[in-house]
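One structure is given below, encoded as structure tokens.
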Amino acid sequence: TSRPPPWQPRRLLCPAPLQPLRPLARHRTRPVAAPPGASAAGGGEAQALAAEFMTSERVKVAAMLGLALALCNADRVVMSVAIVPLSQAYGWTPSFAGVVQSSFLWGYLVSPIIGGALVDYYGGKRVMAYGVALWSFATFLSPWAAARSLWLFISTRILLGVAEGVALPCMNNMVLRWFPRTERSSAVGIAMAGFQLGNTIGLLLSPIIMSRTGTFGPFVIFGLFGFLWVLVWISAITGTPGEHPQISAYELEYITKGQKLVKPQVQGERLRKIPPFRNLLSKWPTWALISANAMHSWVTPINLTLG
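So the mapping is simple: the working numbering equals the position in the sequence shown, first residue as 1, plus 2.
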């Protein structure tokens, strides 16, 4: 390259002036709008959130699930009270009374597994409706079956166990679809409170009802309540929040944003993929859950049967 003549001054290369640093733009997710009636002053927002939850459609789902599980246990434990007068009326031996008591568990043995598969395929709302209708029919039919044949009466108890096996899988499915991740424990708590309430109702009210209406009075009354529950469930509850015609825009957005890791199930969508059972059974947490539930399922029916 040619150099400039010595008589020409050299131009100094000056760096460009420094620009002030600007903070990097961060991607922010749009927050969920505040519930209607919320105010920034004091605890107005917390009160509005509590009021929104208590009047929301999702808490109605949890309440209906709790009532279903209450009926589930009430229909189950009524035999623990009725077994004494029935044994005296029909001359059952203690060993045969044990056969009658255990007949419920014959149907309940495998139905939760089958019920879980049905729930994954058809959805929790539909399977729960059929399950409650079927076990209410079996409960309502018990007096007629006992008057016709002893083995027909046992068959109704087996049918009761088969139908009630779908209750907990349906409850889990509906909680998954209707509640954000931060509220699922609360929803399960509400539903399981109904499950334990059914024990109290069945063991407390059955003797009172029997003293006024006869031995089979609780079977008829609890069965009728089950049919009434099915009518309300079908007319007022939907399988997913997006299908509900009366859900507010705020609640739908709140549920949707709280289920970021869960793919929403649209109407008519069915899960066809087989779960990785081999991978699940190779994990210690899986066996810990199985062991805990096995011990619970072993002790609880014995306590309920013995009263």
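We put the CB at the ideal spot given by N, CA and C, even for glycine.
All values derive from a computational prediction rather than experimental measurement.
Inspect the beta-carbon positions of residue i and residue j and report whether they are closer than 9 Å.
i	j	result
Val232	Ala76	no
Gly196	Gly68	yes
Arg106	Met81	At residue 106 the sequence reads Phe, which differs from the Arg that was named. Closer than 9 Å, so yes.
Phe142	Gly228	yes
Leu120	Ala140	no
Ile249	Glu59	yes
Leu71	Met194	yes
Ala64	Val222	no
Ser208	Ala84	yes
Asn175	Val190	no
Val61	Ile192	yes
My output table needs one value for residue i: the three-state DSSP class, helix, strand or coil.
i	result
Leu111	coil
Gly228	helix
Thr57	coil
Thr288	helix
Phe218	coil
Leu73	helix
Gly237	The identity of residue 237 in the sequence shown is Ser, whereas the question assumes Gly. Here Ser237 sits in helix by DSSP.
Trp180	helix
Trp94	coil
Pro278	coil
His246	coil
Val168	coil
Ser151	coil
Gly2	With the chain covering 3 to 309 only, the question about residue 2 has no answer from this structure.
Gly125	coil
Met297	helix
Using C-beta distances below 6 Å, list every residue in its chain close to residue i, excluding the 5 sequence neighbours before and after it, in chain order.
i	result
Leu254	Pro243
Val129	Leu120, Val121, Val168 and Cys172
Ile116	none
Gly125	Gly241
Leu154	Ala147
Taking residue i and residue j to be in contact with their CB atoms under 8 Å, please state how far apart those CB atoms are, rounded to whole angstroms.
i	j	result
Pro145	Phe224	Actually they are not in contact, since the Cβ atoms of Pro145 and Phe224 sit about 12 Å apart, beyond 8 Å.
Ser102	Arg159	According to the sequence shown, residue 102 is Val rather than Ser. The Cβ separation is near 7 Å, so the contact holds.
Ala147	Ser138	Between Ser138 and Ala147 the Cβ distance is about 14 Å, and since that is not below 8 Å, they are no contact.
Phe181	Ile257	7 Å
Ile292	Lys127	Incorrect: roughly 27 Å between the Cβ atoms, too far for contact.
Identify, in the order they occur along the chain, each residue of the same chain with its Cβ nearer than 7 Å to the Cβ of residue i, setting aside the five sequence neighbours on each side.
i	result
Pro114	Gly167, Leu170 and Pro171
Val79	Asn201, Gly204, Leu205 and Leu306
Thr57	none
Phe279	none
His246	Glu59 and Thr240
Beta-carbon within less than 8 Å of residue i's beta-carbon, same chain only, minus the 5 sequence neighbours each way: which residues are those?
i	result
Pro287	none
Asn295	none
Val234	Met66
The segment 119-133 touching the segment 198-207, judged by at least three CB pairs closer than 8 Å: no
With three or more beta-carbon pairs closer than 8 Å as the criterion, would you say the segment 94-109 touches the segment 158-172? yes
Is the segment 81-95 in contact with the segment 166-185, if contact means three or more CB pairs nearer than 8 Å? no
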